[in-house]
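Residue numbers (full-length UniProt numbering): 1 to 248.
The beta carbon of each residue, even a glycine, is placed where N, CA and C say it ideally should be.
Input: a single structure, listed below in structure tokens.
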Amino acid sequence: MKIKVINPNTTTSMTDAIEKAAAACAFPGTEIYAATPEWGPASIECFVDDYLAVPGVIQEIYQGEKDGMDAYVIACFGDPGLQAAKECTQKPVLGIAEAAIAAVKMAAPSFSVISVLERSKKITEDLILQYGAERACRSVRATGLSVLEFERDPEKGRRALHRESKCALERDGAESIVLGCAGFVDFAKELEKDLGIPVIDGVVPAVKFAEAFVGMGLNTSKQNSWGYPEKKELRGFELFRKRQGETK
């Protein structure tokens, strides 16, 4: 089984951490291929970042089809390009927010999401509504630190995550925590031990769901909404047009 885990930003150190977490949780025999797009933002914290990351994600899906991947994981909590990626392949495609929210709803009756900047909360709140989890979500909290600040000072990031997680439990009534950034992947186990409740980083459930989908032979429906994109003129997107032709 070959699973491609796509980090939608261009920070390779984050890709390395994501790959390590994905490989650690995968079954023996599952091959994890972590990818960093050729272009896109260094981190994803707002809607512009989110949208600029999508072409790189789509490129990696098309390349994965050529390389014979069995499933894909989009490893950013905003799930950038997830719907578009599902159109580009019949293979399973999972976003880490999609997977984390599905998993936490089975692990606890309520949860809070801990995100990065205050401005990033809107993206997360929209996803919670999209995935039908608003009744279970007690809050979306921000650490006030950027993704790249977590990279530069992990200890400062750990303290901020612990502070906001404690507030979510004590003030908001959350019974579990979802970490709202793939860059938080290294903090999940320590937080879970400290807090004594489920703490879910989306990379792990996304990989495990991907393995389950492949094992069940469950593919992405191409009937209508996620059907392959229609062929049409794409100005300035010669690479995309070329790879569409190669993979369809």
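In this structure, the CA atom of residue 139 is about 30 angstroms from the CA atom of residue 26. Contiguous beta strand (DSSP E) elements confined to the region 117 to 184 occur at 137 to 142, 177 to 179, taking only those with 3 or more residues. Around the Cβ of residue 14, a 10 Å sphere holds 16 or more other Cβ atoms; the residue is buried.
Of 8, 84, 33, 16, the smallest CA-CA separation from residue 50 is found for 8. By the neighbour-count definition (other C-beta atoms within 10 Å, threshold 16), residue 179 is a buried residue. The criterion of a C-beta distance shorter than 8 angstroms is not satisfied by residue 136 and residue 115.
Secondary structure note for residue 34: its beta strand (DSSP E) is the uninterrupted segment 31 to 35. One alpha carbon belongs to residue 221, the other to residue 127, and they sit about 21 angstroms apart.
Comparing alpha-carbon positions, the option among 159, 157, 192, 216 lying closest to residue 175 turns out to be 192.
Rounded to the nearest angstrom, the Cβ distance from residue 198 to residue 99 is 14 angstroms, too far for a contact under 8 angstroms.
Rounded to the nearest whole angstrom, the CA to CA distance from residue 145 to residue 52 is 21 angstroms.
Boundaries of the alpha helix (DSSP H) harbouring residue 191: 188 to 195, taken from the DSSP string. Under the three-pair Cβ rule at 8 angstroms, the region 206 to 214 counts as touching the region 91 to 107.
Contact check for residue 69 against residue 30 fails: the beta carbons are separated by 8 angstroms or more.
Your pair residue 35 and residue 60 checks out as a contact, with CB atoms roughly 5 angstroms apart and the cut at 8 angstroms. Per DSSP, the continuous alpha helix (DSSP H) segment holding residue 64 begins and ends at 47 to 66.
Here the alpha carbon of residue 235 sits roughly 14 angstroms from the alpha carbon of residue 55.
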